[in-house]
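Everything on this sheet refers to the single structure shown next.
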Amino acid sequence: MVAMTKLSGYQAYQRNKYETASPHKLILLLYDGVLANIHHARNALDHKEQHAVSHNHMLKAQDILYELISCLNENQGGEIARNLKQIYLYCIQQLTQANLQKDPKHLDEVEGLVQQLRSAWVEIGKDVGLGARI
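All the letters of the sequence shown, read from the start, carry residue numbers 1042 to 1175 under our numbering.
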């Protein structure tokens, strides 16, 4: 019973973390989710018998990238939003190739791109006064 209480407390904490986060922080969490899933997928690829685990993490990373696409407002964001969409779609394509070929070089490329986007997003947060809440 105590373990169940701790678990539900943890679940409430996790839910609250997302429900109270600023829009800027939510995007940052999505980038972190992509990076974490790439890391897990790479680790699973290193253990060749864990292809199913790797596959699932790559799919999760793709799902998060689709979520990032859905957050874009191409009317307000203009060329920047359109360019981000193309980067996200490219990352999804590379994750598909990594999954089909079981080749981590595609994961490396996606990881590098997402790391750059995440770093830029952190800097944007600092510029608009959100840096302290990241």
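For each residue, glycine too, the CB sits at the ideal point set by N, CA and C.
Computed from a prediction, not measured in an experiment: that's the story for all the values here.
Less than 8 Å divides the Cβ of L1071 from the Cβ of E1108. Shown here, N1114 sits in coil according to DSSP, grouped into three states, outside any helix or strand. Closest option to L1100, judged by alpha-carbon separation, among C1132, R1123, I1128: C1132.
In the three-state DSSP reduction, K1146 falls in the helix class (H, G or I). V1075 sits in a helix when the DSSP states are folded into three classes. With respect to the 8 Å criterion, I1105 and G1074 are classified as neighbours on the basis of their beta carbons.
For a cut-off of 8 Å, the C-beta gap from A1102 to I1079 is around 6 Å, short enough to register as a contact. Inclusion of L1136 and V1155 in the CB contact set at 8 Å is not warranted, their separation being larger than that value. For A1122, same chain residues with a beta-carbon under 7 Å away, outside a window of 5 residues either side, are L1113, N1114, E1115 in chain order.
In this structure, the CA atom of L1148 is about 8 Å from the CA atom of A1082.
When DSSP states are grouped into helix, strand and coil, V1155 belongs to the helix group. Secondary structure of V1094 (DSSP, three-state): helix.
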